[in-house]
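Enquirer:
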Amino acid sequence: SEWFDFHSTRIAPFASETYQIPGGVLKHGQRIEVLDTTNKWIEAEVIDTSLDQVKIHYKGWHAKFDEYIPRTSPRIRPYGRHKNLSKRRPPHISRQTSLDKGTEPQDRVRRMTSTCHQYERYLQALDRQGLHVQPVEGDGNCLFRSVSHQVYGDDAHHMIVRRLCMDYMESEKAYFEPYVVGNMTDFMAYLDMKRQGAVWGDDPEVQALCELYNRPAEIWGFDASTGARKLRTFHEAGSGARPPMRLSYYGGGHYDSIVGDDHPHHTLKHAPGVEERRRIEWSQSRCASLEETKNQSDLIATEQEQLEAALCVSRGEFDRQANDLECAFSDIFTEQVRLVTAQTDLERTNEELMNTITERSAMEHSTEQAYDNDLQAALSLSTSNDSELQQALLMSQQQGDGMIGGGDVIGGAAADNLGLQAEDTDMQRILAMSAIETDPELELALSMSKQQHSDEDEEMKIALQMSKSIW
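My numbering numbers the first residue of the sequence shown as 288 and each following residue consecutively.
1) Between Met-456 and Ala-331, what straight-line distance do the alpha-carbon atoms span, to the nearest angstrom?
2) With H, G and I counted as helix, E and B as strand and the rest as coil, what does DSSP make of Gln-571?
3) In three-state DSSP terms, what is Pro-531?
4) Helix, strand or coil: how does DSSP classify Arg-364 here?
5) Rounded to the nearest angstrom, what separates Leu-555 and Tyr-500 at their Cα positions?
6) Please report how far the alpha carbon of Arg-566 lies from the alpha carbon of Asp-353, in whole angstroms.
7) Span of the alpha helix (DSSP H) holding Ala-515?
8) Should Gln-405 be labelled buried (16 or more other beta-carbon atoms within 10 Å of its own) or exposed?
9) From this set, Leu-451, Gly-427, Arg-450, Val-420, which residue's C-alpha is nearest His-436's C-alpha?
10) Compute the Euclidean distance between the alpha carbons of Arg-364 and Gly-560, then round it to the nearest angstrom.
11) Helix or strand or just coil, what does DSSP make of Val-420?
12) Is Gln-307 helix, strand or coil by DSSP?
13) Between Val-448 and Ser-535, what straight-line distance do the alpha-carbon atoms span, to the nearest angstrom?
14) Is Leu-338 helix, strand or coil when you go by DSSP?
15) To the nearest whole angstrom, what separates the beta carbons of Tyr-537 and Gly-508, a pair I think is in contact under 8 angstroms?
16) With distances taken Cα to Cα, identify the nearest neighbour of His-445 among Arg-482, Ala-461, Glu-459.
17) Check the DSSP bridge columns for His-344 and list the partner residues they point to.
18) Can you give me the C-alpha to C-alpha distance between Gly-484 and Lys-460, rounded to a whole angstrom?
19) How is Tyr-355 classed by DSSP in three states: helix, strand or coil?
20) Taking buried to mean at least 16 other C-beta atoms within 10 Å of its own C-beta, is Tyr-366 buried or exposed?
21) What residue range is occupied by the uninterrupted alpha helix (DSSP H) comprising Ser-544?
22) Quick one: what's got a C-beta closer than 6 angstroms to Tyr-355's C-beta in the same chain, skipping five residues either side?
23) Let me check understanding here. Comparing Cα to Cα, which of Arg-362, Arg-297, Ser-337 lies closest to Thr-325?
24) Considering only residues of the same chain and omitting the five flanking positions on each side of Arg-358, which have a CB-CB separation below 7 angstroms?
25) Check whether the Cβ atoms of Thr-423 and Met-532 sit closer than 8 angstroms, and answer yes or no.
26) At 4 residues or longer, and completely inside the stretch 426-460: list those alpha helix (DSSP H) runs for me, N to C.
27) Going by CA-CA distance only, name the one from Lys-517, Met-480, Ala-597 that's closest to Leu-413.
28) Quick check: what's the CA-CA separation for Glu-646 versus Gly-514?
29) So is the beta-carbon of Asp-323 under 7 angstroms away from any non-hydrogen atom of the ligand GTP?
30) Throw me the rounded Cβ distance for the Arg-502 and Arg-529 pair, which I believe falls under 8 angstroms.
31) Considering just the uninterrupted stretch of the beta strand (DSSP E) at Arg-318, what are its terminal residues?
32) Since Glu-505 sits in a beta bridge, which residues does DSSP pair it with?
33) Can the beta-carbon of Gly-547 be found less than 8 angstroms from the beta-carbon of Leu-418?
34) Suppose you measure from the CA of Ile-545 to the CA of Glu-505; what does that come to, to the nearest Å?
Written out as structure tokens, the structure is:
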């Protein structure tokens, strides 16, 4: 921190760098808030001006969304007066309501991704850094359970952590009230709601918990390229060298505790609530009258000045990050849904492909069987109806009888065998010719068979030649 002279030239005049006065003159480089097409107030910057219009760029969005807006448009308002991290839900609407439904997209994403390979990649990436996830129950208390585990090594003290967090925010209401829609009455109602169990915690609660324990908080999540990465750090500059609280924010709306080997060395050893109450007392004294602070000893005053400076730095960082975790991680959740859907589609496609192959194989087998049946029927029909075949059979029989009666012409067992072989050969030729003339399909089948035998004979010749060359 640094003190400035009130008239220093290093201090810009009021509203010269930010748009603070409604209806004032908008200038290049000023930060403003603009009502976008989804009816949300978004931080933006004036990047060009004309006589009656200004061109604005939405912070954190692509340049293709830049647009010209009339200077007098009601969509433009001063930056920072009612900022609430991209417009949080009204204080009377509890996230427990959406938790009871169980059908929100983020809940579906968490159920899908907790069992898919992306979550395994996430755990493996953390393991490579010496970290692992300590799951806590997803009952609406997960933020406070995770912080309780980080601070005390046990998530059972989550209600103490929750209640004292709200007490601290009430003590620091001048700072936290603008982050809740409405006035101070609405803010106090918001705290009453958050004191109840099973009500989700948001970004203001994370910041308050960091201040309450004077420790930064690292928020880890899934990353498509590395598996896991640190998505955001709260209270980094305001806590000195204190060890961080590490929280996993995976799958949408659910926190878990992340621990390393050094985790037991950083837990509080005294009873839950002692450290928190001491910090709340300090907060209350800090917010007390200036006269009371002046009457304290120099040592206490110096300590409080240091803590005050660190707190200002931490809150400055928190203010500059205008998007809450749900907005910051929306792209990650969209990518997880896309990956899970693609994996499901691939599995479905593979299953359909296997069914198609099985059906086609069965059809081909059925076709081959039908073809064999037709071939056998053709042969049977040809044998029974072909007159030429019957005549050939009669001639063969007469010739065979003559040969049996004339044993003196061809004598001996060898001659008989030669005669029978010749008869068989003639008979086969006659049968084949008759069947071919009767059935063209049989002719095609026999032709293919001959071609196959020809190929086999050719292969046999090549093999014999190779064998001879070797020997």
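Glycine included, C-beta positions come from ideal geometry on N, C-alpha and C. For clarity, every value in this text was computed on a predicted model and none was experimentally measured.
Expert: With the structure as the only source:
1) Going from the Cα of Met-456 to the Cα of Ala-331 covers about 28 angstroms.
2) helix
3) coil
4) In this structure, Arg-364 counts as strand in the three-state DSSP scheme.
5) 10 angstroms
6) 44 angstroms
7) Per DSSP, Ala-515 belongs to no alpha helix (DSSP H); it is in the beta strand (DSSP E), 514-521.
8) buried
9) Val-420
10) 42 angstroms
11) strand
12) Only weak support is given to the placement of Gln-307: the predicted model assigns it a pLDDT of 49, under 50, and the value that follows is read from those uncertain coordinates. It is coil, neither helix nor strand.
13) 18 angstroms
14) coil
15) Tyr-537 to Gly-508, Cβ: 6 angstroms. Contact.
16) Arg-482
17) Glu-332
18) 21 angstroms
19) strand
20) So Tyr-366 ends up on the buried side.
21) No alpha helix (DSSP H) contains Ser-544, which is instead part of the beta strand (DSSP E) from 542-546.
22) Gln-340, Lys-342
23) Arg-362
24) Leu-313, Asp-339, Gln-340, Val-341
25) Here residue 423 turns out to be Val, not Thr, going by the sequence shown. It is not a contact, given that the beta carbons lie outside the stated cut-off.
26) 429-439, 445-458
27) It is Lys-517.
28) Distance from the CA atom of Glu-646 to the CA atom of Gly-514, rounded to whole angstroms, is 41 angstroms.
29) Because no ligand of any kind appears in the structure shown, any question about the ligand GTP cannot be addressed here.
30) 5 angstroms
31) 318-322
32) Note: Glu-505 is bridge-paired with Thr-520, Arg-533 in the DSSP secondary-structure output.
33) yes
34) 9 angstroms
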